[in-house]
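Novice:
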Amino acid sequence: MQIITTSSELIATRENLQGSVALVPTMGALHAGHLSLIRNAKTQNENVIVSIFVNPTQFCEGEDFERYPRKSEADINICQKAGVDILFMPSASEIYQDSDEILLKAPKIAGYTLEGATRAGHFDGVLRVVLKLINLTRAKRAYFGQKDAQQLLLIQKMVRELFVPCEIIPCPIVRDKDGLALSSRNLYLDPSMRNNALKLSESLREVARQIMIGEKNTEKLKAHAMDVLAGIDVEYIEIVDKNLRQREEVKKGETIVLLTARVGGVRLIDNLWI
Ligand code: AMP
Numbered sequence: 355m356q357i358i359t360t361s362s363e364l365i366a367t368r369e370n371l372q373g374s375v376a377l378v379p380t381m382g383a384l385h386a387g388h389l390s391l392i393r394n395a396k397t398q399n400e401n402v403i404v405s406i407f408v409n410p411t412q413f414c415e416g417e418d419f420e421r422y423p424r425k426s427e428a429d430i431n432i433c434q435k436a437g438v439d440i441l442f443m444p445s446a447s448e449i450y451q452d453s454d455e456i457l458l459k460a461p462k463i464a465g466y467t468l469e470g471a472t473r474a475g476h477f478d479g480v481l482r483v484v485l486k487l488i489n490l491t492r493a494k495r496a497y498f499g500q501k502d503a504q505q506l507l508l509i510q511k512m513v514r515e516l517f518v519p520c521e522i523i524p525c526p527i528v529r530d531k532d533g534l535a536l537s538s539r540n541l542y543l544d545p546s547m548r549n550n551a552l553k554l555s556e557s558l559r560e561v562a563r564q565i566m567i568g569e570k571n572t573e574k575l576k577a578h579a580m581d582v583l584a585g586i587d588v589e590y591i592e593i594v595d596k597n598l599r600q601r602e603e604v605k606k607g608e609t610i611v612l613l614t615a616r617v618g619g620v621r622l623i624d625n626l627w628i
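For the sequence shown, the working numbering begins at 355 and goes up steadily by one.
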């Protein structure tokens, strides 16, 4: 595995790659969720590039940019074992020039509601870094988790609208045995917080159960979820279509339940694709 830290070296190395190139963008502190993206990328491509970059432009004022878990050594081992071909670990100055003036703006509704409502500018930063990484790697395919549903949908929209020649491959949410969706931020949870955090996935399972027994009304489904989430600081739970617009009724293949809650100050997200 080649470890590359500069953009110029990545561009030069990419020139010499034969066959299809896959990109798996991450912020590191890798876990089995990231690994599932890498595995999918490996089965479909000749070359897999993983990027580890805690992207400053997607963190808002007062968020955890400084204390976001950074585990370079462990991450390098994980990527090596997973058969990654190139690990790109740039510093911020390799990605952003002080003189950068071309910015991306996430759409008003889809980018500034839900996750974007309390994190103004978050998706602008996400789109900006993802486009830069796709351009640097000229990846044929890029792999993203359904765990970050709004992010995935916005990246798909960007690629469509800007004619970016890269296929976005969605990958299912990977969970711990107890149901908790894997996240680098789970490292912040102590055992009792973790126990409370399980209510997120439990509430989504309850929504799935209600749908199984015939409930379609999204207000009623949200109420069932909120019963399970009693005592948890829910930031939002919404049931939306793939344009991130609220749905009144669940329609199979076109509905996502988005949930964000704080457990002991740790902000966790989870969702259910129906
Ligand atoms: P992050 O390092 O948190 O920015 O995540 C990098 C990529 O891994 C994103 O596409 C995430 O959606 C994806 N990812 C994170 N956690 C999971 C998970 N539990 N299951 C599947 N994909 C995930």
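Even glycine gets a Cβ: it sits at the ideal position worked out from N, Cα and C.
1) According to DSSP, simplified to helix, strand and coil, what is I432?
2) For the ligand AMP, is there a heavy atom less than 7 Å away from the beta-carbon of H578?
3) Which whole-angstrom value describes the C-beta separation of N394 and Y497, a residue pair presumed to lie in contact below a C-beta threshold of 8 Å?
4) Starting from the C-beta of Q398, find all residues in its chain whose C-beta is less than 8 Å away, skip the five residues before and the five after it, and write them out in chain order.
5) Decide yes or no for the touch test of the stretch 416-427 against the stretch 379-392: beta carbon pairs closer than 8 Å, at least 3 of them.
6) What are the complete alpha helix (DSSP H) segments, minimum 4 residues, inside the stretch 482-516?
7) Would you decide whether T609 is buried or exposed? Buried here means 16 or more other CB atoms lie within 10 Å of its CB.
8) Just grab the DSSP bridge partners of A471 for me.
9) Check for me: the beta strand (DSSP E) holding I623 runs from which residue to which?
10) Does the beta-carbon of M389, which I'm using as the reference point, lie nearer than 7 Å to any heavy atom of the ligand AMP?
11) Tell me the DSSP secondary structure of V561 in three-state form.
12) Quick one: give me the first and last residue of the alpha helix (DSSP H) that I449 is part of.
13) The beta strand (DSSP E) spanning I522 covers which residue range?
14) Report buried or exposed for L541, applying the criterion of at least 16 other Cβ atoms within 10 angstroms of its Cβ.
15) At a cut-off of 7 Å, would you count V528 as near the ligand AMP, judging by its Cβ distance to the nearest heavy atom?
16) Tell me whether D530 sits in a helix, a strand or coil according to DSSP, three-state version.
17) Could you tell me if the beta carbon of M381 falls within a distance shorter than 7 Å of some heavy atom in the ligand AMP?
18) Mind pulling the alpha helix (DSSP H) runs of 4 or more residues that sit fully within the stretch 390-440?
19) Under 8 Å, do D429 and M355 count as touching if we go by C-beta distance?
20) Let me check one thing: in DSSP terms, what residues is F477 bridge-paired to?
21) In the DSSP assignment, find the alpha helix (DSSP H) that holds I365 and state where it starts and stops.
22) Which residue comes first and which comes last in the alpha helix (DSSP H) that contains V518?
23) Classify F517: buried if its beta carbon has 16 or more other beta carbons within 10 angstroms, exposed otherwise.
24) Pick out the complete alpha helix (DSSP H) segments inside the stretch 573-623, 4 residues or longer, and give them in chain order.
Specialist: According to the structure data:
1) For the purposes of this step, residue 432 is identified with residue 78 of the sequence shown, where counting begins at 1. Residue state, collapsed to three classes: helix.
2) On the sequence shown, position 224 is the one that residue 578 refers to. Not under cutoff, so the answer is no.
3) The residue given as residue 394 occupies position 40 in the sequence shown. The residue given as residue 497 occupies position 143 in the sequence shown. Rounded, the Cβ-Cβ distance is 6 Å, consistent with contact.
4) In the sequence shown, counting from the first residue as 1, residue 398 sits at position 44. S374, A376, R495 and I523, listed in sequence order.
5) yes
6) 503-515
7) Stepping through the sequence shown from its first residue, residue 609 is reached at position 255. With 16 or more other Cβ atoms within 10 Å, it is buried.
8) Reading the sequence shown from its first residue, position 117 is the one you call residue 471. For A471, which the question treats as bridged, DSSP gives no partner whatsoever.
9) By one-based count along the sequence shown, residue 623 stands at place 269. Segment V620 to W627, the beta strand (DSSP E) holding I623.
10) Indexing the sequence shown from 1 puts residue 389 at position 35. Note that residue 389 corresponds to Leu in the displayed sequence, not to Met. No, Cβ of L389 sits at least 7 Å from all heavy atoms of the ligand AMP.
11) Stepping through the sequence shown from its first residue, residue 561 is reached at position 207. Correct three-state label for V561: helix.
12) By 1-based counting over the sequence shown, the position of residue 449 is 95. A446 to I449 is the extent of the alpha helix (DSSP H) around I449.
13) Counting from one through the sequence shown, the residue named residue 522 turns up at place 168. E521 to C525 is the span of the beta strand (DSSP E), which, as asked, contains I522.
14) Taking the sequence shown and counting its residues from 1, one reaches residue 541 at position 187. It counts as exposed.
15) Residue 528 sits at position 174 when you count from the first residue of the sequence shown. Under cutoff, so the answer is yes.
16) Numbered from its first residue, the sequence shown carries residue 530 at position 176. D530: coil per DSSP, three-state reduction.
17) Counting from 1 along the sequence shown, the entry for residue 381 is found at position 27. Indeed, a heavy atom of the ligand AMP lies less than 7 Å from the Cβ.
18) 426-435
19) By 1-based counting over the sequence shown, the position of residue 429 is 75. By 1-based counting over the sequence shown, the position of residue 355 is 1. In this structure, M355 does not lie closer than 8 Å to D429 by Cβ.
20) Looking up residue 477 in the sequence shown gives position 123. Beta-bridge pairing links F477 to no other residue.
21) Mapped onto the sequence shown, residue 365 falls at position 11. S361 to E369 is the span of the alpha helix (DSSP H), which, as asked, contains I365.
22) Counting from 1 along the sequence shown, the entry for residue 518 is found at position 164. Per DSSP, V518 belongs to no alpha helix (DSSP H) and is neither H nor E.
23) Position 163 of the sequence shown, counting from 1, holds the residue named residue 517. Exposed, by the Cβ-count rule.
24) none
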